[in-house]
Amino acid sequence: MATALRMLDESVAILEADSIASGLSVIETTSSTLDLVLLDHELPDGNGISLLQRIRMNHPLIPVAMLSGVECPKLMKQALEAGALGYLPKATSTPIVLSAIHLMLSGGIYVPPKLLPSLGASLPSHAVQAKVSDEGLTERQLEVMNLIGQGLSNKEIAWRLNISEGTVKAHVTVILKAKGVHSRKLLIVSGG
Numbered sequence: 002m003a004t005a006l007r008m009l010d011e012s013v014a015i016l017e018a019d020s021i022a023s024g025l026s027v028i029e030t031t032s033s034t035l036d037l038v039l040l041d042h043e044l045p046d047g048n049g050i051s052l053l054q055r056i057r058m059n060h061p062l063i064p065v066a067m068l069s070g071v072e073c074p075k076l077m078k079q080a081l082e083a084g085a086l087g088y089l090p091k092a093t094s095t096p097i098v099l100s101a102i103h104l105m106l107s108g109g110i111y112v113p114p115k116l117l118p119s120l121g122a123s124l125p126s127h128a129v130q131a132k133v134s135d136e137g138l139t140e141r142q143l144e145v146m147n148l149i150g151q152g153l154s155n156k157e158i159a160w161r162l163n164i165s166e167g168t169v170k171a172h173v174t175v176i177l178k179a180k181g182v183h184s185r186k187l188l189i190v191s192g193g
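Position in the sequence shown (from 1) plus 1 gives the number in this note's numbering.
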């Protein structure tokens, strides 16, 4: 999985933890800089759902996706109901993982198409935690848009917000689509 994530951008910082205890420690010390938590369901000291619930309680704005070794509708529903923005079976291909991550970073929810019918009519309403503006942009995307308006490059924005340049690029793509423009210059000219 780490190899696939580095394909997003070579500057992506990947922090790993092998248990609930170490996961909580990493999250507590880096919560303000985390863009996404990929959480394995099977952990040596418990299951990922219980850690997900603790993350939601203490850090409700950190996006979390559940990883699992199986495509299990019941587990997927539990993860989404606990506040996950996605459910990724470990057998998911790299291009789909990368697309799912881009989707979740922009506030969307990812579920494998094969498991979608098991959700019924709708996703749990409380699965989406990110606050979204009237324009459909998250708070982080609004921050990025403001910094673009100040003339900062992706690298400068990444440094300022303490996120990877790849994450900035993903946010810029979503911002441009939301604003209906095709370049940063047009975004600045249109007044953001």
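Built from N, CA and C at the ideal position, the CB exists for glycine as well. Owing to the predicted nature of the structure, the values given are computational and were not obtained by experimental measurement.
Paired residues, beta bridge with residue 84 - DSSP: Answer is none; residue 84 lacks a bridge partner.
From 77, 107 and 31, residue whose alpha carbon lies closest to that of residue 50: Nearest of 77, 107 and 31 to residue 50, Cα basis: 77.
Three CB pairs or more closer than 8 Å across the region 30-39 and the region 155-170: Counting Cβ pairs under 8 Å, three or more are found: they touch.
Beta-carbon proximity check, residue 88 vs residue 101, cutoff 7 Å: No, the Cβ-Cβ distance between residue 88 and residue 101 is not below 7 Å.
Buried versus exposed call for residue 59 [16 or more other C-beta atoms within 10 Å across all chains shown]: Per the 10 Å Cβ criterion, exposed.
Neighbour-count burial assignment, residue 8, 16 or more Cβ in a 10 Å radius: Within a 10 Å sphere around the beta-carbon of residue 8 sit fewer than 16 other beta-carbons, which makes this residue exposed.
Cβ-heavy atom distance, residue 178 to the ligand MG, below 6 Å: As for the ligand MG, it is missing from this structure, which has no ligand bound.
Residue 114 classed as buried or exposed, judged by whether at least 16 other C-beta atoms fall within 10 angstroms: By the 16-neighbour rule on beta-carbons within 10 angstroms, residue 114 is exposed.
Buried or exposed (CB count within 10 angstroms, at least 16 for buried), residue 152: It is exposed - the Cβ of residue 152 has fewer than 16 other Cβ atoms within 10 Å.
Burial state of residue 174 (16 or more Cβ within 10 Å): Exposed: under 16 other Cβ atoms inside 10 Å.
Nearest neighbour of residue 63, chosen from 158, 86, 179 and 99 [CA to CA]: The residue with the shortest Cα to Cα distance from residue 63 is 86.
Among 90, 120, 108 and 104, the one whose alpha carbon lies nearest that of residue 82: Restricting attention to 90, 120, 108 and 104, the CA atom closest to the CA of residue 82 is found in 120.
Exposed unless 16 or more other CB atoms sit within 10 angstroms - verdict on residue 155: In this structure residue 155 is buried. Its beta-carbon is surrounded by 16 or more other beta-carbon atoms within 10 angstroms.
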